[in-house]
Amino acid sequence: MPRLSEVDRHRALGLLQEGLPISEVSLRMNINRTTIFRLRQRLHETDTVSDRSRSGRPKCTTQRQDRNLVRNHMNNRFLSASASSRQTRGRDNQQVIVIVVVVVVVVVVVVVVVVVVVVVVEVVVVVVVVVVVVVVVVVVVVVVVVVVVVVAAAAATA
1 MPRLSEVDRH RALGLLQEGL PISEVSLRMN INRTTIFRLR QRLHETDTVS DRSRSGRPKC
61 TTQRQDRNLV RNHMNNRFLS ASASSRQTRG RDNQQVIVIV VVVVVVVVVV VVVVVVVVVV
121 VEVVVVVVVV VVVVVVVVVV VVVVVVVVVV VAAAAATA
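Numbering-wise (UniProt numbering), the sequence shown opens with residue 1 and increments by one.
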């Protein structure tokens, strides 16, 4: 059964506030009595009659991508769903950007630590720290390169 629109909810509440009983509001609006009763009960409990938020899987496309999907479909109505989905990028690209930003921040922090150690600590410890930092930077660069290659491959197949 379809949900009551916001307008119908307020109309039913208006009739109730005029003093009509639930059964009369139900008959006038052709809505089940239980629905009217629950609507009034929700208003008293939450001070609102708007829909509650619902759980569920988060959307993988933005509103802009949704509009582009509709526009592309209207321009080429015979395009298959799989071909259409290949033209649309999801939010996965945002995750890759976050990973790259985190890697860059880690590299900057490591460089700052090396500079501080060089200034403060003796030469022997500095050599060990520099070797460790170089290894960390190399690993980070390799991870960034792998991420970029994966993103490029995904973009090429789309």
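Each residue gets a CB set at the ideal place from its N, CA and C atoms; glycine is no exception.
Residue closest to phenylalanine 37, alpha-carbon to alpha-carbon, out of Val149, Val70, Leu13, Gln65: As a first step, residue 37 is located in the sequence shown; it is residue number 37 there, counting from the start. Closest option to phenylalanine 37, Cα to Cα, is Leu13.
In angstroms, rounded to a whole number, what distance separates the CA positions of valine 147 and histidine 10? The sequence position of residue 147 within the sequence shown is 147, counting from 1. The sequence position of residue 10 within the sequence shown is 10, counting from 1. Distance between the alpha carbons of valine 147 and histidine 10: 53 Å.
Please work out which residues of its chain come closer than 8 Å, Cβ to Cβ, to serine 23, disregarding the five sequence neighbours upstream and downstream, and give them in chain order. Counting from 1 along the sequence shown, the entry for residue 23 is found at position 23. Around serine 23: Arg33.
Hey, quick one: how far does the alpha helix (DSSP H) through phenylalanine 37 stretch, first residue to last? On the sequence shown, position 37 is the one that residue 37 refers to. Segment 33 to 46, the alpha helix (DSSP H) holding phenylalanine 37.
Boundaries of the alpha helix (DSSP H) in which arginine 9 is found, first to last residue: As a first step, residue 9 is located in the sequence shown; it is residue number 9 there, counting from the start. Residues 6 to 17.
Could you say if the segment 108 to 117 and the segment 125 to 139 meet the contact criterion of at least three C-beta pairs nearer than 8 Å? yes
Can you tell me which of the three DSSP states serine 68 falls into? On the sequence shown, position 68 is the one that residue 68 refers to. Sequence check: residue 68 is asparagine here, not serine. Helix, per DSSP.
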